[in-house]
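The structure under discussion appears below in the form of structure tokens.
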Amino acid sequence: MSTLENEIYAALIEFIEKNQNSIYRLAYSYVKSQDTALDMVQESIYKAIKAYEKIEDQSNVKSWFYKILVNTCLDELRRSNRIVTVPPEDIPDQAVDSLSSKAEHMVLHKALEELDTETKTVIVLRYFEDMKLAEIAGVLEENINSVKSRLYRGLRSLKFQMREGDSGDAE
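Each residue of the sequence shown is one higher than the last, beginning at 1 in UniProt numbering.
Here's what the structure looks like:
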């Protein structure tokens, strides 16, 4: 193993160790099950370690790993042919984001579930995983303009859906 391969391997392991909560949270956002999310994380780590020599630069570790994780989760959803919505009160503590109340979380959760998978992926990676648009484009293997378009279209849709949720509660 060359020095560069050792450095990349070490960077991959360090990334996984430092970001295990974010990795789990992202997997959970797709599969909506603690056990399945843990399985997806484990499978993604296995795939990443098995193929780490494909990483050309240490700075690409995050987007490379998230690409594996997202694809693993999407494969699982296709394989099981299910998309499950989970009420916020059933989401484990480590998967709950920092929204101020469960009511807001429920509205956001419902609105996110209404989005198509590709749009939801862009929004989750951008705002929950704090990835740059260029990194997201790499993860999804799309050009950056497609990612931007999907992000802005998704945000407009979320804004509209959340407004509807607020007005629907008032009636």
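Here a beta-carbon is modelled for each residue, glycine too, at the ideal position from N, C-alpha and C.
Residues near residue i in its chain [Cβ-Cβ closer than 8 Å; skip 5 each side]
i       : result
Ala-134 : Ile-144
Residue i in three-state terms, based on DSSP
i       : result
Ser-2   : coil
Asp-35  : helix
Glu-56  : coil
Leu-115 : coil
Met-131 : coil
Ala-137 : helix
Asn-21  : helix
Leu-151 : helix
Ala-51  : coil
Glu-142 : coil
Residues near residue i by beta carbon distance below 7 Å, same chain, minus five either side
i       : result
Ser-2   : none
Leu-119 : For clarity, residue 119 is Thr in the given sequence; the question names Leu instead. Once the five neighbours on either side are set aside, the close Cβ partners of Thr-119 are Arg-150, Arg-153 and Gly-154.
Glu-43  : Thr-72
Ile-136 : Val-122, Leu-125, Arg-126 and Val-147
Cβ distance (whole Å) where residue i is taken to contact residue j below 8 Å
i      : j       : result
Ile-68 : Ala-37  : Between Ala-37 and Ile-68 the Cβ distance is about 15 Å, and since that is not below 8 Å, they are no contact.
Leu-26 : Val-124 : 7 Å
Residue nearest to residue i in terms of C-alpha spacing, selected from the options
i       : options                               : result
Asn-19  : Thr-72, Arg-79, Asn-6 and Val-61      : Val-61
Asp-158 : Glu-129, Lys-148, Leu-12 and Lys-110  : Looking at the sequence itself, residue 158 is Leu, so the reference to Asp does not match. Answer by Cα proximity: Lys-110.
Ser-59  : Asp-116, Phe-15, Ala-137 and Glu-114  : Phe-15
Ser-63  : Glu-129, Glu-164, Gln-161 and Phe-160 : Glu-129
Ile-45  : Asp-35, Asp-57, Glu-56 and Tyr-66     : Tyr-66
Glu-53  : Ala-10, Lys-132 and Met-131           : Ala-10
Chain-order list of residues whose beta-carbon lies under 6 Å from that of residue i (same chain, five-residue window excluded)
i       : result
Val-41  : Ile-23, Tyr-24 and Ala-27
Tyr-30  : Cys-73
Met-131 : Leu-125
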